[in-house]
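Read through the structure below, which is laid out as structure tokens, and then see the notes.
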Ligand code: SR1
């Protein structure tokens, strides 16, 4: 039951702008669903915009949110150089800010992320087990996205620590059809490197694309995929017969969206949050999904309760 009375502002209604860089794909859809569910429960109106991958459009949307004097702003992904100027304006104007997966450039904003180093470590631990610590690997990466850059730091160190692992190709694209674009690139990379044993694809759209390429080339017995993120659709891909996607390191994306809204609500209420919030991931293997008969996100979060984190940015006046 709630342990504090609802701040008057929340009885009236609170406006929070959610300014997104990207919105397509399972991860971003689930994240938004979680954010919207939490907002509804807290009597927060979420004013959602998306740059649809266009960084200038996201920056403009952010400027507009600052000008509209919302009660708080959540910046969801984005490139530091395009969002930091408007974040600074918002911070100077005293607007509470939560920055998810982007460096806000100011300690006035709460920096929310998943533990990306751990995400990469868990997936690469599985890759090491699966390959025996040696073999040709294709790596899927696009620089500039904070979570991917952090995962890349772990990959760089992993290669140093495991000299038997050879990165034979780096591919990657992020757009509105990431999976199919990565599938095309992965096919070409696999054809050029016939000895590949594994693909490290630490974003589910990357992993889905890689899985498509492996299947289309008939390489399911030879090439295994180690990814990040999860959705009900991803669980379907991972558990289908002979799927090459054997492990993924992940949070529950909708839980992360919920945390972003809770953190914003706490700031609006004048509560202390942060300065950093990091959501821990879990390793989800194909074996575990199959053995547990797990077919969707609800069953996954029931099987791994640590994926739900009600104590991160807990709102004292909210009904659990
Ligand atoms: C393009 S960045 C994609 C990543 O953002 C989130 O951190 C998700 O985990 C996803 O992998």
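Numbering (the working numbering), first residue to last: 1180 to 1499. Every residue, glycine too, gets a C-beta built ideally from N, C-alpha and C. What you are looking at is a predicted structure, and each value in this text was computed from that prediction instead of being measured.
With C-beta atoms as the reference, is residue i less than 7 angstroms away from residue j?
{"i": "residue 1439", "j": "residue 1291", "result": "yes"}
{"i": "residue 1270", "j": "residue 1285", "result": "yes"}
{"i": "residue 1465", "j": "residue 1425", "result": "yes"}
{"i": "residue 1375", "j": "residue 1346", "result": "no"}
{"i": "residue 1273", "j": "residue 1321", "result": "no"}
{"i": "residue 1325", "j": "residue 1254", "result": "no"}
{"i": "residue 1256", "j": "residue 1200", "result": "yes"}
{"i": "residue 1392", "j": "residue 1366", "result": "yes"}
{"i": "residue 1206", "j": "residue 1408", "result": "yes"}
{"i": "residue 1265", "j": "residue 1300", "result": "no"}
Buried or exposed for residue i, going by 16 or more other Cβ atoms inside 10 Å?
{"i": "residue 1421", "result": "exposed"}
{"i": "residue 1400", "result": "exposed"}
{"i": "residue 1362", "result": "buried"}
{"i": "residue 1313", "result": "exposed"}
{"i": "residue 1469", "result": "exposed"}
{"i": "residue 1387", "result": "buried"}
{"i": "residue 1434", "result": "buried"}
{"i": "residue 1237", "result": "buried"}
{"i": "residue 1180", "result": "Low confidence applies to residue 1180: its pLDDT is 47, below 50, so where it sits in the model is not reliable, and the reading given next is rough at best. Exposed: under 16 other Cβ atoms inside 10 Å."}
{"i": "residue 1356", "result": "exposed"}
{"i": "residue 1477", "result": "exposed"}
{"i": "residue 1153", "result": "The shown model of the chain, from 1180 to 1499, leaves out residue 1153, and the question about it has no answer."}
{"i": "residue 1340", "result": "exposed"}
When you compare each of the options to residue i by their alpha carbons, which one comes out closest?
{"i": "residue 1383", "options": "1395, 1375, 1278, 1415", "result": "1415"}
{"i": "residue 1251", "options": "1226, 1233, 1423", "result": "1226"}
{"i": "residue 1432", "options": "1411, 1281, 1320", "result": "1411"}
{"i": "residue 1353", "options": "1279, 1220, 1329, 1385", "result": "1385"}
{"i": "residue 1258", "options": "1213, 1323, 1219, 1366", "result": "1323"}
{"i": "residue 1307", "options": "1293, 1297, 1338, 1283", "result": "1338"}
Please name the residue or residues paired with residue i in a DSSP beta bridge.
{"i": "residue 1293", "result": "1458"}
{"i": "residue 1424", "result": "1404"}
{"i": "residue 1194", "result": "1224"}
{"i": "residue 1318", "result": "1349, 1379"}
{"i": "residue 1229", "result": "1199"}
{"i": "residue 1344", "result": "1314"}
Which residues, in chain order, sit with a beta-carbon under 6 angstroms away from any heavy atom of the ligand SR1? Chain-ordered list of matching residues: 1206, 1280, 1293, 1324, 1326, 1327, 1353, 1382, 1407, 1408.
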